[in-house]
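A.B. asks: Residue numbers (UniProt numbering): 1 to 976. We treat Cβ as the ideally placed atom computed from N, Cα and C, and that holds for glycine.
#1: Name the one or two DSSP bridge partners that residue 750 has.
#2: Strictly by DSSP, which residues pair up with residue 778?
#3: Would you list, in sequence order, the uninterrupted beta strand (DSSP E) runs of no fewer than 3 residues that lie entirely inside the region 111–150?
#4: Between the alpha carbons of residue 242 and residue 84, how many angstroms are there, rounded?
#5: Quick check on this structure: which residue in 278, 92, 221 and 881 has the alpha carbon closest to the alpha carbon of residue 246?
#6: Checking 7 Å against the spacing of the C-beta atoms, do residue 685 and residue 611 come in under that value?
#7: Which residue comes first and which comes last in the alpha helix (DSSP H) that contains residue 805?
#8: Expressed to the nearest angstrom, what Euclidean distance is found between the alpha-carbon atoms of residue 805 and residue 826?
#9: With a Cβ-Cβ cutoff of 7 Å, do residue 780 and residue 760 count as a contact?
#10: So what's residue 864 in DSSP terms, helix, strand or just coil?
#11: Would you mind reading off the limits of the beta strand (DSSP E) that contains residue 650?
#12: Just to confirm the assignment, what range does the beta strand (DSSP E) spanning residue 837 have?
#13: In the DSSP assignment, what are the bridge partners of residue 404?
#14: Short of 7 Å in beta carbon distance, which residues of its chain neighbour residue 180, apart from the five on each side in sequence? Order them along the chain.
#15: Can you tell me whether residue 236 is helix, strand or coil according to DSSP?
#16: When the Cα atoms are used, what is the spatial distance from residue 427 to residue 441?
#17: Can you say whether residue 215 is buried or exposed, counting buried as having 16 or more other CB atoms within 10 angstroms of its CB?
#18: CB-CB under 6 Å to residue 419, same chain, minus the five flanking residues each way: which ones, in chain order?
#19: Can you grab the Cα-Cα spacing for the pair residue 248 / residue 707, in whole Å?
#20: From residue 695 to residue 903, what does the alpha carbon distance come to, in whole angstroms?
#21: Just checking my contact of residue 130 with residue 94 at CB under 8 Å: how many whole Å lie between their CB atoms?
#22: From residue 793 to residue 588, what distance separates their C-alpha atoms?
#23: Quick one: give me the first and last residue of the alpha helix (DSSP H) that residue 178 is part of.
#24: Quick check on the DSSP output: the beta strand (DSSP E) that includes residue 694 runs from which residue to which?
#25: With 16 as the cutoff for other CB atoms within 10 Å, does residue 893 come out buried or exposed?
#26: If you run the structure through DSSP and keep just helix, strand and coil, what is residue 852?
#27: Output the distance between the C-alpha atoms of residue 163 and residue 307, rounded to the nearest integer angstrom.
#28: Taking all protein chains shown into account, decide if residue 873 is buried (16 or more other Cβ within 10 angstroms of its Cβ) or exposed.
#29: Within 7 Å of any Cβ in chain C, is that where the Cβ of residue 287 sits?
#30: Identify the continuous beta strand (DSSP E) that holds residue 613 and give its terminal residues.
#31: What residues in its chain sit with their C-beta under 7 Å from that of residue 61, if we drop five residues either side in the sequence?
#32: Quick check on DSSP: helix, strand or coil for residue 52?
#33: Between which two residues does the beta strand (DSSP E) carrying residue 909 extend?
#34: Compute the Euclidean distance between the alpha carbons of residue 750 and residue 73, then round it to the nearest angstrom.
#35: From 50, 22, 897 and 92, pick the residue whose C-alpha is nearest to that of residue 602; which is it?
#36: Among the residues of its own chain, which have a CB less than 6 Å from the CB of residue 628, if the five just before and after it don't count?
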């Protein structure tokens, strides 16, 4: 295998449309397979058809490099997620490869032995794909696993399989397929495999320099591989991943060595890459020699022979790594295979380049149009100026001046609103006070929902000249017709180059208009229409979905409106417009809010509203939260994990469990729960940090649901799982208050309930698909003299402890050990209104009724010693320090979030804890909230429930209590 060739493939495959590439390869291959000539039961020309199998395996191998060193896809950084193949696509590709094996190399045809090498390589391609599914760590439906295993065994029913191939398709692959998505997969559960994974560098941190794997570790892995103990499979996967990690490090060195000259990097970067290449090559040779030496002469150890074959098929640099007779003979026998592999990779590079050029032919002209429009708009902003006779000198007019900005929609923005936006972004507003004709700024457009950046603003008077240009352009129609055609192409193109995707969304019809001469005398515009009607026309004009005739009519209408626009607005009128934009609606009479269990998102809704606002909080200082809206009415309670959000809403006489993702406004999945008259505990809901489980309480019944694939949630991917209740749970009917929470690792669940001055705990641990009550999992604390409600319960499965807080004057916070049943109180003894647990599970934050916020660190051998963080609570009114009025959450171990509502403001405070004290930063979410409200669709703002994607739950377990019923795919009446 030529590393430079694979590096060239990687450069072309680093795209977000990788799924489309794989589908196109499979489609092309299927077409060739359908028209291939068959002679004597065999396809005459196999090489071109096997060539594309090499391509699919190359994609699988690159995806393995993306995920190496990680326990699952959930640890993958968000920037890398768009480049990953979904599990369903990988599964489909594997099923297609097995079909190719059955059609290309049937078991009954004569001459199959002559093509055994191709058959073995097909098995290796399936091995790479199955390993990729294991590395993703996502569950695969049992029926899909069964179909994959059955199809593979049927396709490889050959009487004369070699020991290696027979072991691969009859032992190793079936075992791996069965482990996909299980709790004890072999990608890191055993200590031996876990230590091997920690040695591998991740793609995000850099694939090279490849660390030198200790000889003792390799020896332990080889010992586990030749044995028949529990470490056999995990040892194979660790060695399999380590071998590919060494190869991928060399490939990445070639990629970077090609990239540095293109970026005009200095010689130090080139030297570092060359040094890493030499070091990685030496480490790879040592690893290969050790494995080949162990496999030499071990014909009865097929797992070792498989690894040896992989090494010899990937080594083509002149000599085999180990100079023994058997190794040299095997290496020489595979020379033709290696040449064919390199030939296939060179074809693949050409195919990918041609594909990219074809996409450029489809979308490239749109890029030119976009640049042309931006260039003309910038030139117009710089060169055009109003005639001296048309200057407005009145101070009131100046105060109400309107600026047009260079956002994609060319929004007209009142000066007051622009000044507020500059202040919000921390920019200087002194220049704006002088009412300049041209203003250079760096801020977000206040009227664009995506927060598009703007660099220039121009006072509104030059729109007179633009009106003439647009009007003349509308008469000819040629420019606009060409833009309209391009817009339709953009809407219909299914697959486009990643480098083009950012610039083909919008097209403006006046991109080719020449700047007007400053000395041109134009008639003064009269006042008859609202400026915001003109802004609406601009928005419609820039929409890419209008056809040619509609755009012509819009341009003419827009030109007429421009002639009647008033140049400047009075001060009071501008102020009213600004208030109308940003304070159109008051907050709900009963606002509700919560943080996600990961602490990275804040959710805000009201009992009388029909949407939920989501604010994703960045970890980088200085960035503003990203806002998103979920359209759903009748919200009862909300919980969230890392990315997903679970909502229980009331619809008629039943409840619905809806699952929302991090992007869309509509639900990904929906489960209808027939409650049979049972009531929901509004605050007794929790979601695990890994987005896998949801728990809530209906009356005295605990319900736990498991979610499947985090990207593509299907009907069979959400199901109710069994939870074994404690013997005394059914007897506890008089609980006045409850709290439910998952442990940080998601494998533990605690329920705390208050009853008659006593606190009771139930602890469950997850065992595959069943939640079993933990050993001794029923605990109680008698006579606590509690005089308030429970405000927090957190379970730490690592330390076997429960951290409990209450709105009480005595004993709290309290640490309860499930190991010895002992409770450790605190002398702190103040009413705690809210608490939060850090990502490690060992640090807690509490807010009390004395307007104070404290940090508590876990102490296994003594009481808590809370440390007050004064800046965290500074300038927060005492009215906010009440239960349900203030929330705490940990964004990171040393970053605390505080949220409260103050005078119609939604205040979010970020507290960064360091050795020098605390640093705080406040941000008002109200403007973002109002913007989300203004963006609501007509269906969301009407009285009916917005349509949602109904996903029924599969009946996995028959249980007493509420049943899961199928919901028809029809919009329902709102609960109110």
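C.D. replies: In short:
#1: 741 and 763
#2: 762
#3: none
#4: 21 Å
#5: 278
#6: no
#7: Run containing residue 805: none in the alpha helix (DSSP H); it sits in the beta strand (DSSP E), 801–806.
#8: 11 Å
#9: yes
#10: coil
#11: 645–651
#12: 832–837
#13: 412 and 458
#14: 133, 134, 140 and 145
#15: helix
#16: 8 Å
#17: exposed
#18: 429 and 432
#19: 33 Å
#20: 34 Å
#21: 7 Å
#22: 28 Å
#23: 173–179
#24: 693–698
#25: exposed
#26: coil
#27: 13 Å
#28: buried
#29: No chain C appears in the structure shown, which is made up of a single protein chain.
#30: 611–616
#31: 128 and 244
#32: helix
#33: 905–914
#34: 27 Å
#35: 897
#36: 614
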